[in-house]
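Numbering (the working numbering), first residue to last: 892 to 1629. Ideal Cβ placement from N, Cα and C applies to all residues, glycine included. Remember, it's a predicted structure, so these values are computed and weren't measured experimentally.
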């Protein structure tokens, strides 16, 4: 009979006894699976690969269930609050083979045949899976370890040859180093009965209507609204599948030179290719997708005695190879050549997909324990920067402008571009947002029955992008027209700013920037004090107070603040077999002066563009210095009081937007909130439990005389869980919300 050395804990030493078959390798790999993928910063649509698998094999293992563990028959497992757990299957323990070099190895595979009608119109059923008919290798794995050298290797995969295939490789030396690599594919079928109104024109950058390209006259369609009157709309095109596929690969390496130190580096690469539904001008078309995301992360972990430190750095790069999408309008009659006055008939629209961008982050964490009242201190500091500098697109099709006969009669396309090459304050996005996070926490236990906590959190979101503003050339009536004697090409100067004519408030309010976007920054600060007191053997009371402060730039309110008080009662011994948890929360939010003019009025834009950021105090200064010789920081004279009155009350159709705070935006509005939550878990018998959840929520906006004034919600949920045997589980629930 062979004997086994006891296994050493994973944190100690490099020498190790014989592992129990492949179980330890699987557990070690599972423990670090959540870390392999890292965090995708630049592409917000990317998730974290916590496991390798697919829809037919979600856990990424052999799908044939093993017998339950010997000690699980006729027994149940419950959580601390009394709810039933599912009974886990026992781990397999096959007799491993042994090589002459001392390696123990085992493996298995699962294959079969897929039949039926996978191509039938069941897009939701096939949404995230590939069901090609024929032979299928659903799963395989191979694991080996050497008890004498403590080396191991593990390979597994599934869905071989399908669009949802996955593979994983892991090898290394126990308690020393390990390397893991993975590759997986995930399809996403949006629809398989899509009726294409548009045809992709070969280069992913131009979509033409299905019933014509350059002119509707090609198919004999005439009239002011050919799309609605066309006889071909009576015969819809054939069904088309709209889908994309995500392919992702990654690798992670870990090195543990001692019990106190650990180093790791992780990299992933993802590509998404295909199309998805997208709305174009009152009809639905498809948007081509060609995304690439690269992530790199590295970190150091230190643990010694009562101190633990983590330091992590990451970089994410997102790239979209489709720069713009030209879409021909199906609602406008085509005429060749373009007629005089075609400025009122825009035939082609331009859409810009998500911009290429980069994000980098550095984060540090520290944990320290103290003997004084069993105190624990935690601290986190992080810095993140996100940037993109994509080219900004012309709002009109340059080809359309070049063919316009009105332009040919007296102007050129350059007249529409301004001296900077675009009718905007800059031709590149030049966007940058930096974020900082500071988090401090202190917890202590003065007695066995009392726990006290104090936390402080500060998050700074600093938008370093310059102000963006653009002029609308259509306001001038024709491309070669002038405003106050200045052609459109003179609206911008070489410093990417409005030139002299628009520094005059009268000219600015008459035909100033059609779009004005100042960079918005904010700071959020939270302070929390809480305590939990066990006043009986199975009963506890938790009280907490939180203060939240916001400060904003270029928002209706410079500051908002909110106070939150919450009381929670827990009883884990209610009539011996039930657990009750209930809480009551009261919140009150208020803020500084609410100013609806801050970003919507010509005067606010005019002030900001001339070096005087808009605020209530700045507005008072302007009014006080009207009709004087005072000048703005840019050197431009302060407008007259009459000009300011016109800009505030009536120009550009914005007069009705002044509301004095009677219709506050929801995130800035005064608010009162009260919430009651209750949860009851009742173990009716050993194999059967019931749960009841109640929530009552009352929200009111006391100073909103228009729009949303209250938002009340009541919810109830009843659930049941019955486990008559270790192989059977029945659940049911009922929910109602008003």
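Check	Outcome
Who are the Cβ neighbours of residue 1185 in its own chain at under 6 Å, not counting the five residues just before and after it?	1160 and 1208
Starting from the Cα of residue 1082, find the closest Cα among 1169, 1335, 1489 and 1244 and give me that residue.	1169
Determine the direct distance from the alpha carbon of residue 1408 to that of residue 1415, and round the result to whole angstroms.	22 Å
What number of angstroms, rounded off, separates the C-alpha of residue 1525 from the C-alpha of residue 1495?	15 Å
Going by alpha carbons, who is nearest to residue 1206 out of 1458, 1254, 1335 and 1181?	1254
Relative to the C-alpha of residue 1568, which candidate in 1422, 1457 and 1201 has its C-alpha closest?	1457
Can you name, in chain order, every residue of its own chain whose Cβ lies under 8 Å from the Cβ of residue 1025, other than the five neighbours on each side?	1004 and 1005
Please report the straight-line C-alpha distance between residue 1478 and residue 1588, rounded to a whole angstrom.	11 Å
Just to confirm my understanding: we take residue 1270, look at its own chain, exclude 5 residues before and 5 after, and list those with CB closer than 6 Å. What are they?	1257 and 1331
Exposed or buried, what is residue 1137 when buried is set at 16 or more other beta-carbons lying within 10 Å of its beta-carbon?	buried
Below 7 Å between beta carbons: does that hold for residue 1085 and residue 1133?	yes
So the candidates are 1214, 1455 and 1429; which of them puts its Cα closest to the Cα of residue 1468?	1429
Taking the alpha carbon of residue 1440 as the point to measure from, which residue in 1463, 1180, 1480 and 999 has its own alpha carbon closest?	1480
Are residue 1605 and residue 1629 touching if we call contact CB-CB under 7 Å?	yes
Going by C-alpha distance, which of 1274, 1574 and 1020 is nearest residue 1464?	1574
Taking the C-alpha atoms as reference points, what is the distance between residue 1327 and residue 1351?	5 Å
Below 7 Å between beta carbons: does that hold for residue 1210 and residue 1247?	yes
Just list the beta strand (DSSP E) runs in the region 1397 to 1464, keeping only unbroken ones of 3 residues or longer that don't cross its boundaries, in chain order.	1404 to 1408, 1413 to 1427 and 1430 to 1443
For my contact list, residue 1538 and residue 1493 are in at a C-beta cut-off of 8 Å; report their separation, rounded to the angstrom.	5 Å
Just verifying my parser: in three-state terms, what is the DSSP assignment at residue 1264?	helix
Just to confirm my understanding: we take residue 1345, look at its own chain, exclude 5 residues before and 5 after, and list those with CB closer than 6 Å. What are they?	1333 and 1420
Going by Cα to Cα distance, which pick from 1141, 1087 and 1069 is closest to residue 1130?	1087
Using CA coordinates, which residue listed in 1152, 1396, 1562 and 1278 is at the minimum distance from residue 1319?	1278
Need the endpoints of the beta strand (DSSP E) that residue 1497 sits in, please.	Looking at the DSSP string, residue 1497 is not in any beta strand (DSSP E); the run it does join, the alpha helix (DSSP H), is 1493 to 1500.
What three-state label does DSSP hand residue 1049 in the structure shown?	strand
If you reduce the DSSP assignment to three classes, tell me which class residue 1341 lands in.	strand
Compute the beta-carbon to beta-carbon distance between residue 1483 and residue 1438, rounded to the nearest angstrom, for a pair I have assumed lies under 8 Å.	Between residue 1438 and residue 1483 the Cβ distance is about 16 Å, and since that is not below 8 Å, they are no contact.
Span of the beta strand (DSSP E) holding residue 1480?	1469 to 1482
With distances taken from CA atoms, which of 1215, 1521, 1274 and 1625 is nearest residue 1283?	1215
Look at the alpha carbon of residue 1099 and the alpha carbon of residue 1213, and state the distance between them as a whole number of angstroms.	Unreliable placement is indicated for residue 1099, whose pLDDT of 47 sits below 50; the coordinate value is still reported in the next sentence. Taking the straight line from one Cα to the other gives about 17 Å.
DSSP three-state label for residue 1158, please.	strand
Out of curiosity, what's the CA-to-CA distance linking residue 1413 and residue 1158?	32 Å
Determine the DSSP secondary structure at residue 1510, reduced to helix, strand or coil.	helix
In or out: residue 1177 buried (at least 16 other Cβ within 10 Å) or exposed?	buried
Can the beta-carbon of residue 1355 be found closer than 7 Å to that of residue 1323?	yes
Check this for me: beta carbons of residue 1513 and residue 1505, under 7 Å apart or not?	no
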